[in-house]
Amino acid sequence: MARAESAGRAGTVRVAARAVVIFVFLAPVAFMVLGSLRDIGLTPPRRVELLPRGAGLSGYGAIGDHVPLGRMFRNSLLVVAAAVPVSVVVASWAGFAMARARARAQRVLVGLTL
């Protein structure tokens with residue numbers, strides 16, 4: 003019976019820990035989404051606002067007037083076009099080197115990689 007109680011407590015602790023991690027990761031996302039609903043040109047709030055005054059989607063329609071999205075998108079594509087092939091080549095070379103190494107060296111190399 004003691005094992006069942008300790009297993010129940012361990013499960014509760016795991017669920018609580020997961021809830022804390024989820025909150026820590028989702029709170030900034032929620033803060034950014036709520037901040038994006040503010041009217042354009044307003045000064046930042048002095049306190050945390052759960053729902054900004056005059057909240058709406060008008061900022062999304064006017065974003066092209068304030069931010070050069072086309073140029074930013076093009077720059078991102080150029081970076082990805084260069085970074086992805088280089089990453090694939092370097093990672094495949096590293097994987098090949100690890101596969102050909104002796105067992106002890108493999109463990110060390112995998113540990114260094116992680």
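For the sequence shown, the positions run 3 to 116 when the numbering used here is used. Where a beta carbon is used, it is the ideal one built from N, C-alpha and C, also for glycine.
Top-ranked residue by Cα proximity to residue i, from the options
i, options, result
"Gly61", "Val90, Ala12, Ser89, Leu36", "Leu36"
"Glu51", "Met74, Ser38, Val91, Arg106", "Ser38"
"Ala57", "Arg49, Arg48, Ile42, Arg11", "Ile42"
"Met100", "Val91, Ala18, Val112, Leu44", "Val112"
Environment of residue i [buried if 16+ CB atoms lie within 10 Å]
i, result
"Arg106", "exposed"
Contacting residues, own chain, Cβ-Cβ under 6 Å from residue i (five flanking each side not counted)
i, result
"Arg40", "Pro54"
Residues near residue i by beta carbon distance below 7 Å, same chain, minus five either side
i, result
"Phe33", "none"
8 Å contact criterion, which residue i and residue j should meet: CB distance rounded
i, j, result
"Ile65", "Leu71", "7 Å"
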